[in-house]
DNA sequence: GTCTTGAATTCCTCTAGAGGAATATATAGG
DNA sequence: CCTATATATTCCTCTAGAGGAATTCAAGAC
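Chains as they are written, first to last, in our numbering: chain A, 1 to 117; chain B, 118 to 234.
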């Protein structure tokens, strides 16, 4: 249900990440609390929360005229797992270093990756 | 250097995620290989690779007239860590379930979150 | 009932950025 | 030299979506 694709789309927006951060500290928050804490305006917060809800990143609970939002592990974990699938890339310390330890003893100081003016 | 913010912005686009996936399988690929494998056109691939490079998600190595791209752990790990910081949210199985195990034995069948028509 | 407050929704505008076509810049090979 | 190939870049267009203002809807409080 919580696909990493939808989650990463949703998280690809700074203000939504801010909202997730706020909910992380507070465990549960109403829209107005998030409005106050984020500096965004109420309609924007509601819209972002809608997107986050669709992505299974938050859940809502109706409480009188308040809506209490909280983080939802499902979606967050999906994204976490997506990145975890790349774990081998950084766990083998081969980053920008692999040529050096390879069997090729070429003494040529390769122009140090990344800089190709 | 590799901030999660930039990474999450970069990854918030489906075709860039596809390119990352392709590079994951192939360890290293030229632009034309990525063009062939992704179905995107060459300029688009180059542009996406530029974004991914800025986000420290890939590195380039000049090889004659080819540019060999490969994944870079730095950026990926930054994003992984960002999601990992939320780990407690799903590790405590409190998702959509916490009210049930809370000290409140209220038998009221709360309208099952998420559905507030 | 009315008034107020919390939240969602609608409509509009505007900008970021994704894609396409064409061009520019290398580098390799003849 | 000239040509072909690999990649980057420029310019243009067009759409998705973020933000603002106003409106609507719902739930207290009175």
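C-beta atoms are modelled at their ideal positions from N, C-alpha and C, and glycine is treated no differently.
By the neighbour-count definition (other C-beta atoms within 10 Å, threshold 16), residue 81 of chain A is an exposed residue. With a cut-off of 8 angstroms on Cβ pairs, the stretch 84-94 of chain A is not in contact with the stretch 62-71 of chain A, counting fewer than three such pairs.
For residue 80 of chain A, the nearest beta carbon of chain B is closer than 8 angstroms to its own beta carbon. Here the alpha carbons of residue 57 of chain A and residue 24 of chain A stand approximately 11 angstroms from one another. If you draw a straight line from the Cα of residue 45 of chain A to the Cα of residue 20 of chain A, it comes to about 11 angstroms. Using a Cβ distance threshold of 8 angstroms, residue 84 of chain A and residue 4 of chain A do not count as a contacting pair.
Of the other Cβ atoms in all chains shown, fewer than 16 fall within 10 Å of the Cβ of residue 39 of chain A; this residue is therefore exposed.
Interface with chain B (8 angstroms Cβ-Cβ cutoff): residue 39 of chain A is excluded. Residue range 42-54 is occupied by the alpha helix (DSSP H) that includes residue 49 of chain A. The Cβ of residue 33 of chain A sits no closer than 8 angstroms to any Cβ of chain B. Counting C-beta atoms within 10 angstroms of its own C-beta, residue 133 of chain B has 16 or more neighbours from the protein chains shown and is therefore classed as buried.
Residue pairing by DSSP leaves residue 155 of chain B without any beta bridge partner. Assignment of alpha helix (DSSP H) within the stretch 56-95 of chain A, counting only whole runs of 4 or more residues, yields 73-84, 87-91 in chain order. Taking the C-beta atoms as reference points, residue 34 of chain A is found nearer than 8 angstroms to residue 22 of chain A. For residue 123 of chain B, the enclosing alpha helix (DSSP H) has its first and last residue at 121-128. Under the Cβ distance rule, residue 12 of chain A counts among the residues neighbouring chain B, one pair being separated by less than 8 angstroms. Under a criterion of Cβ atoms nearer than 8 angstroms, no residue of chain B is adjacent to residue 63 of chain A; the nearest Cβ is some 10 angstroms distant.
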